[in-house]
Amino acid sequence: MRFNPSLTSRLRIGFLVLFALLLLVSLLGVGRLFQVRVNYEDDITRSFQLELESERLQSAFILEQAAARPATGQSLPNQAELNRAAANFAEAVARARDLTGGDDELSADLSQLAANEAAWRQKVAQPLVNGKLPPPGVEGTRTKAVTTSGEKLANASSDLRDASRDHARTETRNTTLLVAAGLAGALLAALILFSGLINSMRAPLGRLVEGARRLAGGDLRTRVEVGGPVEIATLGRAFNEMANSLERDARERDRVERMKDDFVLTVSHELRTPVTVVKGFAEMLTAQRQSLNPRQYEAAEVIAESSAQLQKMINDLLDLARSDAGKLRIEPTPTDVASLVQRVGRQMRPHFEERQQSLAVTVEKDLPDVEADPDRIAQVLANLLTNANKYSNEGAEVRLAATRVGDEVEFAVADNGPGLGEEELNHVFDRFWRAQSGETQEVGGTGLGLAIAKSLVELHGGAISANSTQGEGATFRFVLPIATDGQETRTDSASRTTAGAAT
Amino acid sequence: MTRLLVADDSETVLLMLQRRLEIEGYEVVTARDGFEALERLGEAGAQDPDVILLDAMMPNMSGIEVLEQLRDSGSKIPVLMISAHLDAAEPDRMRSLGASDAIPKPFEWEDLIGKIEELAGNPAPAADGDAA
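In the order they appear, the protein sequences are chains A and B.
Residue numbering for the first sequence follows this note's numbering, starting at 3 and increasing by one per position.
Residue numbering for the second sequence follows this note's numbering, starting at 156 and increasing by one per position.
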């Protein structure tokens, strides 16, 4: 199993390591500084003592010199006094030797001093004690040798003091630098550790963000690579489980949706044949009015009308089912707007005349062709006009107009009927939805006309909308794209037609 | 009198078409599928119909297959295909297969009569005295 600590343990380990490093560096630094201080103090003390001792040595030698001369009133110097002074000197040498602390130079200086003193004693003091004068010049030379080496020792002691001060200074500086470097190193290590931690999270988090975006964009097959610290890996697994269940649900929904579409498609298809037969025979009977009594004729007429309505509803359902199944096909070609609009107006006019309504058809001059399936757009226009016709009162005014709006042609059907409320406008394109206002209770129809109109317009790449003020009529508009290869300026002498009222 | 051969797999549809067409004054021969339609055409002593009405979708042998066989054998009898699809492209496809014309189901009676009259070569369509 791979070692993969959780985010919290990673942080904890990181902080612990950082803390330990800082502590170690600080302790070492402080210890070292303390040690340097102690050494410095030792050296200074020793060098002072040594200096003191070399002064003593010089005094002891002066005493020896004094002892080597006869005291006042005596012919010879006192041997005992000289011995005492020599012992004094030897004592001072022994003390000084303890203080040299193994320093070769100082030891050598001290040994030289001791040797010179011994030589002086032998060559100068002893002859004097024995009542003989040393050979000329010897006393001066020997005495000078001892004095010189004594001064040398004193100088060396003072040098030792300076050297230990310099040494302590250097050591302190070096230690401070070392501690600073150590702290910087520990912080750098921490930085690397934490950025490593952040990096270990960044890649899997990035993948999660990317995956969530793709999922939100509708790609339900999105899965993320699980990785990173335990928490993030868990999040990744949870994400994948969510995607799995989303995909499963979507697939199930699609399946049910397809089943529903297939069902509607099949049912509509199967209903069509019997309805065709009923409608056909009913029409046949109504065509033979003379051989039927009035009651029979009335029945035949009702059957014919009802079956026609049923047939219309089945066709609408089929259209919608095909549209849902993506099987509704259109054949868009560059289409002349004026002739299409006027053809629909002509076909619909009898319905308006029947209700004493006026239908005014206007087409803007020099409209370019639209990219449209003429039969389907005629169907849309007929549906909109049928609604205006059915839902407006007798004597109402209905206008059908086509105008250019930018790169599109707008078709509008407006009436001055009862109109629709805000809530109703939200549902006007819903299937099987029908306006509920009092006047319209008797209106037949499938409630599918506007839903089909919407499907068809959208299939053309256009958009349909409705707006209305309650009590002041309703306007339905849709736009179609202008044909790219169409004749931009088709001049039609009859492109603007205003039909009079039909009353 | 204009003679018609009508093929449709639904018995009731066929009966309805036959009765109504007879009222319109046509002589009607019916067939329940493509095989029967070809049989009727090949019957000894039978006169060729003036127009053939074929349902595009039929079991055993479809109207499209009948149409292809007829055109392959060099027959020039006008054929009106009754297609089940509402697709805008369907009539064009039927024509490209050799049909003289096509009418999508469901159709208005006047439209059917108009097309038959056109194919039968009767100049003045007698579509004013019916229905309504």
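Yeah, the Cβ is synthetic: ideal placement off N, Cα and C, and Gly gets one too.
So, under 8 Å CB-CB, A:Glu69 and A:Glu57 are touching, yes? Tell me the CB distance rounded to an integer number of Å. Numbered from 1 along the first sequence, position 67 holds the residue referred to as residue 69 of chain A. Numbered from 1 along the first sequence, position 55 holds the residue referred to as residue 57 of chain A. The sequence given here has Ala at residue 69 of chain A, not Glu. Rounded, the Cβ-Cβ distance is 19 Å, inconsistent with contact.
With A:Asn2 and A:Leu452 assumed to form a contact (beta carbons below 8 Å), what rounded beta-carbon distance in angstroms separates them? Any question about residue 2 of chain A goes unanswered here, given that chain A covers just 3 to 505.
One question on the structure: do A:Asp263 and A:Ala323 come within less than 9 Å of each other, judged by their Cβ atoms? Position 261 of the first sequence, counting from 1, holds the residue named residue 263 of chain A. Position 321 of the first sequence, counting from 1, holds the residue named residue 323 of chain A. The Cβ atoms of A:Asp263 and A:Ala323 sit closer than 9 Å to each other.
Cβ contact check for the region 168 to 188 of chain A and the region 210 to 230 of chain A: 3 or more pairs under 8 Å: The way I'd put it, the region 168 to 188 of chain A doesn't touch the region 210 to 230 of chain A; fewer than three beta-carbon pairs between them come closer than 8 Å.
Report the CB separation of A:Leu294 from A:Ala284 in whole angstroms; it is logged as a contact under 8 Å. Along the first sequence, one-based indexing puts residue 294 of chain A at 292. Along the first sequence, one-based indexing puts residue 284 of chain A at 282. Not a contact, Cβ separation roughly 12 Å.
Taking three-plus beta-carbon pairs below 8 Å as touching, is the region 77 to 93 of chain A in contact with the region 143 to 151 of chain A? Touching, no, given that fewer than three Cβ pairs across the two stretches are closer than 8 Å.
Taking the straight line between their C-alpha atoms, what separation do you get for A:Glu460 and A:Thr335? In the first sequence, the residue the question calls residue 460 of chain A occupies position 458. In the first sequence, the residue the question calls residue 335 of chain A occupies position 333. Inter-residue distance for A:Glu460 and A:Thr335 is about 16 Å (C-alpha atoms, whole angstroms).
Out of A:Ala96, A:Thr448, A:Arg163, point me to the one whose CA is closest to A:Lys314's CA. Walking along the first sequence from the start, residue 314 of chain A turns up at place 312. Looking from the CA of A:Lys314, the closest CA among A:Ala96, A:Thr448, A:Arg163 belongs to A:Thr448.
Using the Cα positions of B:Leu267 and A:Glu249, report the straight-line distance between them to the nearest angstrom. Looking up residue 267 of chain B in the second sequence gives position 112. Looking up residue 249 of chain A in the first sequence gives position 247. When rounded, the distance between both Cα atoms is 50 Å.
Can you name, in chain order, every residue of its own chain whose Cβ lies under 7 Å from the Cβ of B:Met216, other than the five neighbours on each side? Along the second sequence, read from residue 1 onward, the residue named residue 216 of chain B stands at position 61. The answer, listed in chain order, is Asp188, Gly189, Phe190.
Inter-residue spacing [alpha-carbon to alpha-carbon] between B:Tyr181 and B:Trp264: For the purposes of this step, residue 181 of chain B is identified with residue 26 of the second sequence, where counting begins at 1. For the purposes of this step, residue 264 of chain B is identified with residue 109 of the second sequence, where counting begins at 1. One C-alpha to the other measures close to 14 Å.
Can you tell me whether A:His429 is buried or exposed? The criterion is at least 16 other CB atoms within 10 Å of its CB, across all chains shown. As a first step, residue 429 of chain A is located in the first sequence; it is residue number 427 there, counting from the start. Its Cβ having fewer than 16 others within 10 Å, A:His429 is exposed.
Less than 9 Å separating the beta-carbons of A:Leu387 and A:Gly347? Walking along the first sequence from the start, residue 387 of chain A turns up at place 385. Walking along the first sequence from the start, residue 347 of chain A turns up at place 345. Yes.
Among B:Met249, B:Pro246, B:Gly253, the one whose alpha carbon lies nearest that of B:Ser228: Within the second sequence, the letter at position 73 stands for residue 228 of chain B. Among B:Met249, B:Pro246, B:Gly253, the Cα nearest to that of B:Ser228 belongs to B:Gly253.
When you compare the CB of A:Thr278 with every CB in chain C, is at least one pair closer than 9 Å? Within the model displayed, chain C is absent; protein chains A and B are what it includes.
Determine, for A:Phe283, whether the minimum Cβ-Cβ distance to residues of chain B falls below 9 Å. Numbered from its first residue, the first sequence carries residue 283 of chain A at position 281. Yes, its Cβ sits closer than 9 Å to a Cβ of chain B.
Test: A:Met350 CB closer than 9 Å to a CB of chain B: Within the first sequence, residue 350 of chain A is the residue found at index 348, counting from 1. No, A:Met350 lies away from the interface with chain B (no Cβ there is under 9 Å from its Cβ).
Flag A:Ala327 as yes if its beta-carbon sits less than 9 Å from any beta-carbon of chain B, otherwise no. Translated into the one-based positions of the first sequence, residue 327 of chain A becomes position 325. Answer no: the Cβ-Cβ gap between A:Ala327 and chain B never drops below 9 Å.
Beta-carbon spacing of B:Leu160, B:Ile207 below 9 Å: As a position in the second sequence, residue 160 of chain B is number 5, starting the count at 1. As a position in the second sequence, residue 207 of chain B is number 52, starting the count at 1. For B:Leu160 and B:Ile207, yes; Cβs fall inside 9 Å.
Measuring only the C-alpha atoms, how far is A:Ser11 from A:Asn176? Residue numbering aside, residue 11 of chain A sits at position 9 when the first sequence is read from its first letter. Residue numbering aside, residue 176 of chain A sits at position 174 when the first sequence is read from its first letter. Those two C-alpha atoms are separated by around 37 Å.
Using the three-state DSSP reduction, which class does A:Pro137 fall into: helix, strand or coil? Taking the first residue of the first sequence as 1, we reach residue 137 of chain A at position 135. Of the three classes helix, strand and coil, the one that applies to A:Pro137 here is coil, per DSSP.
In terms of alpha-carbon separation, which member of B:Ala275, B:Val183, B:Asp210 lies closest to B:Ile258? For this step, residue 258 of chain B is matched to residue 103 along the second sequence. Considering only alpha carbons, the answer is B:Asp210.
Using 8 Å for Cβ pairs, my map puts A:Ser49 next to A:Asp111. What's the rounded Cβ distance? Numbered from 1 along the first sequence, position 47 holds the residue referred to as residue 49 of chain A. Numbered from 1 along the first sequence, position 109 holds the residue referred to as residue 111 of chain A. Actually they do not touch by this definition, with Cβ atoms about 13 Å apart.
By the DSSP assignment, the beta strand (DSSP E) with B:Pro259 in it spans what residues? Taking the first residue of the second sequence as position 1, residue 259 of chain B is located at position 104. 256 to 259 is the extent of the beta strand (DSSP E) around B:Pro259.
Should the region 34 to 48 of chain A be regarded as contacting the region 161 to 179 of chain A, the criterion being three or more beta carbon pairs within less than 8 Å? Touching, yes, given that three or more Cβ pairs across the two stretches are closer than 8 Å.
The region 154 to 168 of chain A in contact with the region 122 to 138 of chain A per 3-pair CB rule at 8 Å: No, they do not touch.
Would you kindly work out how many angstroms separate the C-alpha atoms of A:Arg345 and A:Ser467, rounded to a whole number? As a working mapping, residue 345 of chain A is identified with position 343 in the first sequence. As a working mapping, residue 467 of chain A is identified with position 465 in the first sequence. In a straight line, the C-alpha of A:Arg345 is about 23 Å away from that of A:Ser467.
Between A:Lys154 and A:Leu101, what straight-line distance do the alpha-carbon atoms span, to the nearest angstrom? As a working mapping, residue 154 of chain A is identified with position 152 in the first sequence. As a working mapping, residue 101 of chain A is identified with position 99 in the first sequence. Cα-Cα distance, rounded: 16 Å.
Tell me the DSSP secondary structure of A:Glu474 in three-state form. Position 472 of the first sequence holds residue 474 of chain A. Collapsing the DSSP output to three states places A:Glu474 in coil.
Buried or exposed: which applies to A:Ala94, given that a residue is buried once 16 or more other Cβ atoms fall within 10 Å of its Cβ? Walking along the first sequence from the start, residue 94 of chain A turns up at place 92. So A:Ala94 counts as buried.
Which residues in the same chain as A:Phe434 place their Cβ atom closer than 6 Å to its Cβ, once the five residues preceding and following it in sequence are excluded? As a position in the first sequence, residue 434 of chain A is number 432, starting the count at 1. Excluding five sequence positions before and after A:Phe434, the CB atoms of its chain that fall closer than 6 Å to its own CB belong to Gly449, given in chain order.
So, are the CB atoms of B:Pro204 and B:Val184 less than 9 Å apart? As a first step, residue 204 of chain B must be located in the second sequence, where it is residue number 49. As a first step, residue 184 of chain B must be located in the second sequence, where it is residue number 29. In this structure, B:Val184 lies closer than 9 Å to B:Pro204 by Cβ.
Examine the Cβ distances between the region 187 to 205 of chain A and the region 19 to 31 of chain A and report whether three or more of them are shorter than 8 Å. Counting Cβ pairs under 8 Å, three or more are found: they touch.
Just the C-alpha distance for A:Pro129 and A:Ala120, rounded to the nearest angstrom, thanks. As a working note, residue 129 of chain A is residue 127 in the first sequence. As a working note, residue 120 of chain A is residue 118 in the first sequence. Distance between the alpha carbons of A:Pro129 and A:Ala120: 13 Å.
What residues in its chain sit with their C-beta under 6 Å from that of A:His353, if we drop five residues either side in the sequence? By 1-based counting over the first sequence, the position of residue 353 of chain A is 351. These residues qualify, in order along the chain: Asn391.
Can you name the residues of chain B whose CB is closer than 7 Å to the CB of A:Gln313? As a working note, residue 313 of chain A is residue 311 in the first sequence. For A:Gln313, the residues of chain B that pass the 7 Å Cβ criterion are Pro261, in the order they occur in the chain.
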